[in-house]
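Below you'll find the structure, written out as structure tokens, and then a few comments.
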Amino acid sequence: MRRLDHESGSVAVAGSRPTLRGLGRFLATDRDRTGMALAGIALITFWRIVALYFNRTELWVDEAQYWLWGQSFSFGAYSKPPLIGWLIGAMTGLFGNSTFAVRLAAPLIHGLAACTVLALTARVASPRAAALAGLGYATMPAVTLGSMLISTDTPQMLALALALLVQHRLARAPGVSGAILLGLAVGLGLLAKQAMAFAVLGMGLAGWISADWRIARRDLILAAAVTLAVVAPNLWWIASHGFVTFHHLAESGSSQGFGLHISGTLRFWAEQFAVMGPVAFAALLLSLRNPPQAMHGPLAVAVVILGIVTLQALGSHALANWAVSFTVAGSIVAAVWLADRPRLAAISIGFGLLVALLLPLLAIFGTGWRGPGGSLLLSRYMGHAEISARAIDYAHQHDTAVITAHDRGLLADLSWQARGTRLRIEAAPHTGGPRHHWDLAFPFNPKELGLVAVLLRGEPPACATTSESWTAGPGFAEGRKLTLAMASAACLMDASHE
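First residue of the sequence shown? That's 1 in UniProt numbering, and the numbers climb one at a time after it.
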């Protein structure tokens with residue numbers, strides 16, 4: 001049974017004792033529960049770092065692009081805020097330019113986020129629920145996948161967990177230091193991903209409906225001022241570059257056209273069972289019916305994030321990970337519900353542990369495995385290096401210092417693979433506004449002397465002096481025709497106007 005501690009506002013769980021061996025140790029003291037959960041998080045994080053070292057997948061498009069952003073300290077980039085580039089730049093600065101170093105921040109950040117979720121749950125619920133929340137977050141399928149690659153979701157989720165922890169503390173103990181910390185956490189979240197704004201709306205709703213999450217007006221104003229100070233350089237960068245980031249977000253959100261997309265919305269919701277885990281997400285949904293008072297705040301955050309992205313899915317389209325930050329608060333709510341149901345809790349944690357063990361092994365031993373349709377299971381993360389290496393060799397053979405391409409995916413891996421060489425990777429000329437980061441930061445120089453190498457999908461420019469075509473091998477472009485050609489700057493400029 002569940003009871004509410006009226007003095008602390010937390011949920012206590014009584015009369016519920018795990019019977020499965022996997023959760024039997026949670027019957028120990030509160031300190032033991034917390035210690036064992038933290039030890040479990042540490043072991044899972046260690047396993048992920050070891051597996052990441054032996055990971056045989058290549059950087060995919062976004063990862064290679066983020067690496068490029070990290071090569072120069074900037075307050076903005078074409079499509080995302082700058083924090084992801086800063087993190088990768090720091091890691092590669094310490095450990096060198098390798099796929100391991102590019103991705104290393106991911107498991108470390110998720111480990112810290114799991115500890116933060118545990119600490120926050122300990123404030124609002126029982127020690128058993130706190131241990132389940134920390135382990136539940138750490139073993140969540142989305143976190144396992146997110147620890148194998150680097151994405152903007154990862155630092156945003158840690159920032160949100162920290163912001164929620166500070167908000168709850170600030171509601172109990174108002175003060176300048178807490179307000180500053182809250183502003184810093186929210187600001188860093190916004191520097192990680194614009195979708196942090198959805199979470200901020202959820203935090204506001206939590207404060208409106210629950211006194212446990214309501215902070216004083218003075219602290220709110222100070223936190224908002226600190227947040228603005230943190231994000232101001234990025235806003236200045238966006239404004240000084242023609243608001244290109246906002247244009248990109250608008251185009252991305254409407255890329256499928258506006259309408260009523262029922263099937264896409266249902267698919268998005270079905271995907272959340274895979275994102276959070278089937279038992280944990282079901283527990284979150286079941287918690288919507290008569291939730292305890294202490295869970296009103298976390299539920300508000302999770303529901304607002306899910307609700308906004310559901311509207312995006314309904315009106316246009318939404319990818320499964322667009323709402324992944326809901327799982328930060330959702331893990332707390334699900335853990336409180338599961339704490340009374342030890343068998344389901346054991347199944348949920350067990351499923352997550354299984355995924356956490358096997359999925360990294362797939363990236364080590366399964367890079368050549370194919371699905372029922374014949375495609376590589378990890379095709380998105382394979383085949384890039386082979387194409388780029390061929391283009392780099394082609395440029396060397398024809399004694400040119402420039403490789404150009406229209407396609408963001410080709411440009412991203414070319415930039416990564418050409419690191420440490422004299423080659424310059426530039427966007428092929430075109431008419432209209434910037435299509436990607438290379439159009440913005442590395443546009444084609446029409447004053448190039450001599451011939452430049454061009455990598456493209458399909459046929460070469462009509463004015464190319466020489467060219468070669470081939471069919472891509474296993475990987476992201478398997479079976480597609482690719483072409484390398486040599487052409488003059490004038491030829492490419494003329495072709496861009498055709």
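Where is the CB? At the ideal position from N, CA and C, for every residue including glycine.
- DSSP links residue 467 through a beta bridge to 485.
- Put simply, of 175, 193, 210 the residue whose alpha carbon is nearest the alpha carbon of residue 220 is 175.
- From the listed residues 108, 126, 101, the smallest Cα separation to residue 333 is found for 126.
- Residue pairing from DSSP places residue 404 in a beta bridge opposite 426, 454.
- The Cβ atoms of residue 149 and residue 106 sit closer than 9 angstroms to each other.
- Cβ-Cβ distances below 6 angstroms link residue 183 to 223, 226, 227 in the same chain, with the five nearest sequence neighbours on each side left out; the list follows chain order.
- By the neighbour-count criterion, in which a residue is buried when 16 or more other Cβ atoms sit within 10 angstroms of its Cβ, residue 137 is buried.
- According to DSSP, residue 370 shares a beta bridge with 376.
- Looking at the backbone, the Cα of residue 412 and that of residue 102 are separated by about 14 angstroms.
- In this structure, the CA atom of residue 446 is about 6 angstroms from the CA atom of residue 489.
- When C-beta atoms of the stretch 151-161 are compared with those of the stretch 358-370, fewer than three pairs fall below 8 angstroms, so the two segments do not count as touching.
- The C-alpha of residue 56 is placed about 10 angstroms away from the C-alpha of residue 368.
- The residues 391, 394, 395, 398, 400, 402, 403, 404, 484, 485, 486, in chain order, have a CB closer than 8 angstroms to that of residue 453 in the same chain once the five nearest residues on each side in sequence are set aside.
- Unbroken alpha helix (DSSP H) stretches of 4 residues or longer found wholly inside the stretch 207-270: 217-240, 244-253, given in chain order.
- Every alpha helix (DSSP H) of 4 residues or more that sits fully in the stretch 128-163 is shown, in chain order, as 141-146.
- Under the 10 Å beta carbon count, residue 81 is surrounded by 16 or more other beta carbons and is classified as buried.
- Residue 152 and residue 192 do touch by the CB rule: their CB atoms are close to 6 angstroms apart, below 8 angstroms.
- Just measuring C-alpha positions, the residue of 41, 477, 49, 65 sitting nearest residue 416 is 65.
- Between residue 440 and residue 457, the C-beta spacing is not below 9 angstroms.
- Under the three-state reduction of DSSP, residue 298 is assigned to helix.
- A Cβ-Cβ distance of about 23 angstroms is found for the pair residue 142 and residue 36, leaving them out of contact under the 8 angstroms criterion.
- Taking residue 249 as the centre and dropping the five residues before and after it, the same chain places the C-beta of 194 closer than 7 angstroms to its C-beta, in chain order.
- Here residue 50 is exposed. Its C-beta has fewer than 16 other C-beta atoms within 10 Å.
- For residue 84, same chain residues with a beta-carbon under 6 angstroms away, outside a window of 5 residues either side, are 66, 152 in chain order.
- Under the three-state reduction of DSSP, residue 291 is assigned to coil, being neither helix nor strand.
- In its chain, beyond the 5 residues on either side, 429, 446 have a beta carbon closer than 7 angstroms to the beta carbon of residue 493.
- Taking a contact to require three or more Cβ pairs closer than 8 angstroms, the stretch 305-312 and the stretch 237-248 do not qualify as touching.
- Residue pairing by DSSP places residue 443 opposite 427 in a beta bridge.
- Membership of residue 53 in the alpha helix (DSSP H) is indicated by the continuous run 30-54.
- Using a C-beta cut-off of 8 angstroms, the stretch 293-303 makes no contact with the stretch 339-347, since fewer than three inter-stretch Cβ pairs fall below that distance.
- About 28 angstroms separates the beta carbon of residue 381 from that of residue 244, a gap too long to meet the 8 angstroms contact definition.
- Each residue's CA atom was taken as its position, placing residue 34 and residue 316 some 43 angstroms apart.
- Counting along the chain, the unbroken alpha helix (DSSP H) around residue 393 starts and ends at 384-397.
- Taking all protein chains shown into account, residue 179 has 16 or more neighbouring C-beta atoms within 10 Å of its C-beta and is therefore buried.
- Between residue 121 and residue 335 a beta carbon distance of about 6 angstroms is seen, short of the 8 angstroms cut, so the two are scored as contacting.
- Going by DSSP, residue 459 is part of no alpha helix (DSSP H) at all; its letter is neither H nor E.
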